[in-house]
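Residues 6 to 403 in the working numbering are what the sequence shown spells out, letter by letter.
Report on the following structure.
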Amino acid sequence: MDFSTELGIRRIVNAVGPATRLGGLPLSEGVMNAMRAAVEHNVRVDELQEAAGVRIAQLLGVPAVYVTSGASAGLSLATAVCVAADDPRGVDALPRIAGPRRRVVVQRGHRDPYDHALTAVGVELIEIGFPTSTRPGELARELDGTVAAVLWRPGHAGDLLPLDVVSRLAHEAEVPVIVDAAMDVPPVDRLQVLFAQGADLVAVSGGKGFRGPHTSGLLCGRPDLIRAVALHHQDMDVREQTWAPSEVTGVGLRYGRHGIGRGMKVGREQVLGLLAAVAEHVKDPDRHEPRYQAELSALELGLGRDRRLSVARTHNHHLAVPEVQIDIGATGHRADTVIRALDAGDPRIHVGEDQAWRDVLVINPMGLHAGEGEVVADRLLAILQSDPDTTSPAERAS
Ligand SMILES: *Cc1c(COP(=O)(O)O)cnc(C)c1O
6 MDFSTELGIR RIVNAVGPAT RLGGLPLSEG VMNAMRAAVE HNVRVDELQE AAGVRIAQLL
66 GVPAVYVTSG ASAGLSLATA VCVAADDPRG VDALPRIAGP RRRVVVQRGH RDPYDHALTA
126 VGVELIEIGF PTSTRPGELA RELDGTVAAV LWRPGHAGDL LPLDVVSRLA HEAEVPVIVD
186 AAMDVPPVDR LQVLFAQGAD LVAVSGGKGF RGPHTSGLLC GRPDLIRAVA LHHQDMDVRE
246 QTWAPSEVTG VGLRYGRHGI GRGMKVGREQ VLGLLAAVAE HVKDPDRHEP RYQAELSALE
306 LGLGRDRRLS VARTHNHHLA VPEVQIDIGA TGHRADTVIR ALDAGDPRIH VGEDQAWRDV
366 LVINPMGLHA GEGEVVADRL LAILQSDPDT TSPAERAS
């Protein structure tokens, strides 16, 4: 009996992709083995972070790395470092900001719900420009001694400031640039581009494209800033008199007791699981591509039986994976009702709903097991062939 049956909850066919609300993607045998081995012995977690950070930085070709509990935690820790650096008083005070740098600048067109990860640290977010346009002068005039960082996000459409322009202006004012690349790395070469364009800290999810543990992530960046991350993150319930210097770096205790990141703790299994996932990815970045293609082709073949559907193969530029978009407008059904029916049915299916406002369903293959593309097509056709007005009650009854 699997755990979901035992607990009396229904499992889900995941056609959404790496969604936190569904628990992320399946983990490979190699990642699971690394996680299992990770919990067999104790180590000092600060030393584990230092050593694993060096390995991951080498694999990815970036200056330095810290393993976080996700990109969101990475954004919080990056903000904490930009505000308080390695000053023990500043570290202990957060989210009360002890120094002058208490504002983070972001283009209006880059705003996102994950901005909460920055404001949680106590900073004020300053918006510049308009939803699809920012001028360089609108950034330059904000960059005074009260600014801790500029936040930048890839892949937003419009006449927005590119990273190299943002970095040049920010660095002239000695302000670091934080990039939220949660969903945009891998491909790994994008990381090198971000650093070439001046990023100081880049937050990446471990559980999205890297297919690592879902509660893991990477903060990559300048070695001086990455070194300071630990001060905001490690649990240091120790005596100053007894804590030896790190055997990896030789650096002694510089910590406060608990930084603002203490609640974002990272287990050994996350650190070593993500290291294994990154290594697997770097070795063969395209290893899942045939499976993605096979599931989406089976889905398209199945959906071809209903001529009212407009089915398009698209590319998710953030995650760099193929997807299928299904326009159900001509069937008379509304996407919201169909999504509810897929959830209520058997098997229980979740699909991407970013485009549901225009009656388009999105199928992402990253979380599909073999054969599930066809399952999704069959369920969808069954729902769409019922009378639109009765979809919801009928599906609940079935
Ligand atoms: C997913 C995502 C995050 C959060 O990543 P986690 O690893 O789940 O914490 C942050 N920013 C953006 C843009 C994202 O898509």
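Every residue gets a Cβ at the ideal spot worked out from N, C-alpha and C, and that includes glycine.
Assess contact between the stretch 253-265 and the stretch 194-209, defined as three or more Cβ pairs (one per stretch) separated by less than 8 Å. Is contact present? no
Candidates Arg345, Asp149, Val234 and Asp383: closest to Val70 by CA position: Within the sequence shown, numbered from 1, the residue matching residue 70 stands at position 65. The candidate whose alpha carbon is nearest that of Val70 is Val234.
Using a Cβ-Cβ cut-off of 8 Å (strictly less than) and excluding sequence neighbours within five positions of Ser81, which residues of its own chain qualify? Counted from its first residue, the sequence shown places residue 81 at position 76. The residues Ala122, Leu123, Ala125, Val126, Ile265, Gly266 and Met269, in chain order, have a CB closer than 8 Å to that of Ser81 in the same chain once the five nearest residues on each side in sequence are set aside.
Compare the C-alpha of Gln275 against each of Pro327, Arg26, Ala78 and Thr73 and name the closest. Here the question's residue 275 lines up with position 270 in the sequence shown. The residue among Pro327, Arg26, Ala78 and Thr73 with its C-alpha nearest the C-alpha of Gln275 is Thr73.
Close Cβ partners of Thr151 (< 8 Å) along its chain, the five nearest in sequence each way excluded: Your numbering for residue 151 matches position 146 in the sequence shown. So the qualifying residues of the chain are Pro105, Arg106, Arg107 and Arg108.
Would you mind stating whether Ala325 and Pro192 have Cβ atoms separated by less than 7 Å? By one-based count along the sequence shown, residue 325 stands at place 320. By one-based count along the sequence shown, residue 192 stands at place 187. Their beta carbons are under 7 Å apart, which means Ala325 touches Pro192 by this criterion.
I'd like the list of long-range same chain contacts for Arg16, defined as Cβ closer than 6 Å, with 5 residues on each side in sequence excluded. Residue numbering aside, residue 16 sits at position 11 when the sequence shown is read from its first letter. Answer for Arg16: Ser9, listed in chain order.
7 Å Cβ cutoff met for Leu301 and Pro370: By 1-based counting over the sequence shown, the position of residue 301 is 296. By 1-based counting over the sequence shown, the position of residue 370 is 365. Going by C-beta atoms, Leu301 is nearer than 7 Å to Pro370.
The stretch 181-188 / the stretch 244-262 touching (three or more Cβ pairs under 8 Å): no
Using 10 angstroms around the beta-carbon of Asp1, count the other beta-carbons present and answer buried if the total reaches 16, otherwise exposed. The structure shown does not extend to residue 1, since the chain is modelled only from 6 through 403, so no value can be given for it.
What is the DSSP secondary structure of Pro398, counted as helix, strand or coil? Position 393 of the sequence shown, counting from 1, holds the residue named residue 398. Legend: pLDDT at Pro398 = 48, less than 50; position of this residue unreliable, value from coordinates given subsequently. DSSP places Pro398 in helix when its eight states are reduced to three.
Can you tell me whether Met405 sits near ligand 1, meaning its C-beta is under 6 Å from at least one heavy atom of the ligand? Because the chain here runs from 6 to 403, residue 405 falls outside it and cannot be looked at.
Would a C-beta distance cut-off of 7 Å place Arg273 and Val36 closer than the cut-off? In the sequence shown, residue 273 corresponds to position 268, counting from 1. In the sequence shown, residue 36 corresponds to position 31, counting from 1. Against a cut-off of 7 Å, the Cβ pair of Val36 and Arg273 comes out as no contact.
Any heavy atom of ligand 1 within a distance shorter than 6 Å of the CB on Tyr71? Here residue 71 corresponds to residue number 66 of the sequence shown, with the count starting at 1. It does not: the Cβ of Tyr71 is nowhere closer than 6 Å to a heavy atom of ligand 1.
Using a 10 Å radius around the Cβ and a threshold of 16 neighbouring Cβ atoms, would you call Leu389 buried or exposed? Residue mapping note: residue 389 aligns to position 384 of the sequence shown, counting from 1. Using a 10 angstroms sphere on the CB of Leu389, the tally of other CB atoms reaches 16 or more, which defines it as buried.
Quick one: does the C-beta of Gly75 sit closer than 6 Å to a heavy atom of ligand 1? Taking the first residue of the sequence shown as 1, we reach residue 75 at position 70. Remark: the C-beta of Gly75 is in contact range of ligand 1, defined as less than 6 Å to any heavy atom.
Output the distance between the C-alpha atoms of Ala402 and Ala346, rounded to the nearest integer angstrom. Walking along the sequence shown from the start, residue 402 turns up at place 397. Walking along the sequence shown from the start, residue 346 turns up at place 341. Reliability fails at Ala402, whose pLDDT of 43 lies under 50, so the model's placement of it is uncertain and no value is given.
Of the residues Gly75, His355 and Pro118, which one's Cα is nearest the Cα of Cys225? Reading the sequence shown from its first residue, position 220 is the one you call residue 225. Ranking Gly75, His355 and Pro118 by Cα distance to Cys225 puts Gly75 first.
Secondary structure of Asn369, DSSP reduced to three states: Position 364 of the sequence shown, counted from the first residue, corresponds to residue 369. In the structure shown, Asn369 sits in coil (DSSP, three-state: anything other than H, G, I, E or B).
Would the stretch 228-242 count as touching the stretch 91-101 if we require 3 or more Cβ pairs under 8 Å? Yes, the stretch 228-242 is in contact with the stretch 91-101.
Report yes if the C-beta distance between Asp364 and Ile333 is below 7 Å; otherwise report no. What you label residue 364 is simply residue 359 of the sequence shown in a count that begins at 1. What you label residue 333 is simply residue 328 of the sequence shown in a count that begins at 1. Contact flag set, yes.
Between Gly226 and ligand 1, is the CB less than 6 Å from at least one heavy atom? Along the sequence shown, one-based indexing puts residue 226 at 221. No, the beta carbon of Gly226 sits no closer than 6 Å to any heavy atom of ligand 1.
Inter-residue spacing [alpha-carbon to alpha-carbon] between Thr137 and Trp157: The residue labelled residue 137 in the question sits at position 132 within the sequence shown. The residue labelled residue 157 in the question sits at position 152 within the sequence shown. Cα to Cα, the separation comes out at about 14 Å.
Please check if any C-beta of chain D sits within less than 7 Å of the C-beta of Gly95. Reference to chain D is not applicable here, since this structure consists of a single protein chain.
When DSSP labels each residue in this structure, what does Glu294 get in the three-state scheme? Here residue 294 is taken as the residue at index 289 of the sequence shown, counted from 1. Three-state result, Glu294: helix.
Got a sec? Which residues, its chain only, sit under 8 Å from Arg384 by beta carbon, not counting five neighbours each side? Against the sequence shown, residue 384 aligns to sequence position 379. Answer for Arg384: Leu347, Gly350, Pro352 and Ile354, listed in chain order.
Please find out if some non-hydrogen atom of ligand 2 comes closer than 6 Å to the beta-carbon of Thr25. Looking at this structure, you won't find ligand 2 anywhere; what it does contain is ligand 1.
Does the distance between the C-beta of Leu185 and the nearest non-hydrogen atom of ligand 1 fall short of 6 Å? The residue you call residue 185 lines up with position 180 of the sequence shown. The sequence given here places Asp at residue 185; Leu does not occur at that position. Correct: Asp185 has its Cβ closer than 6 Å to ligand 1.
Roughly how far, in whole angstroms, is the beta-carbon of Val111 from the beta-carbon of Leu130, given that I think they are within contact range, below 8 Å? Your numbering for residue 111 matches position 106 in the sequence shown. Your numbering for residue 130 matches position 125 in the sequence shown. About 6 Å separates the CB atoms of Val111 and Leu130; that is less than 8 Å, so the two are in contact.
Classify Gly134: buried if its beta carbon has 16 or more other beta carbons within 10 angstroms, exposed otherwise. For this step, residue 134 is matched to residue 129 along the sequence shown. Burial call: buried.
With H, G and I counted as helix, E and B as strand and the rest as coil, what does DSSP make of Gly226? Start at 1 with the first residue of the sequence shown, and residue 226 comes out as number 221. In the structure shown, Gly226 sits in a strand (DSSP, three-state: E or B).
Return the first residue and the last residue of the alpha helix (DSSP H) that Ser315 is part of. If you number the sequence shown from 1, residue 315 lands on position 310. Per DSSP, Ser315 belongs to no alpha helix (DSSP H); it is in the beta strand (DSSP E), Ser315 to Asn321.
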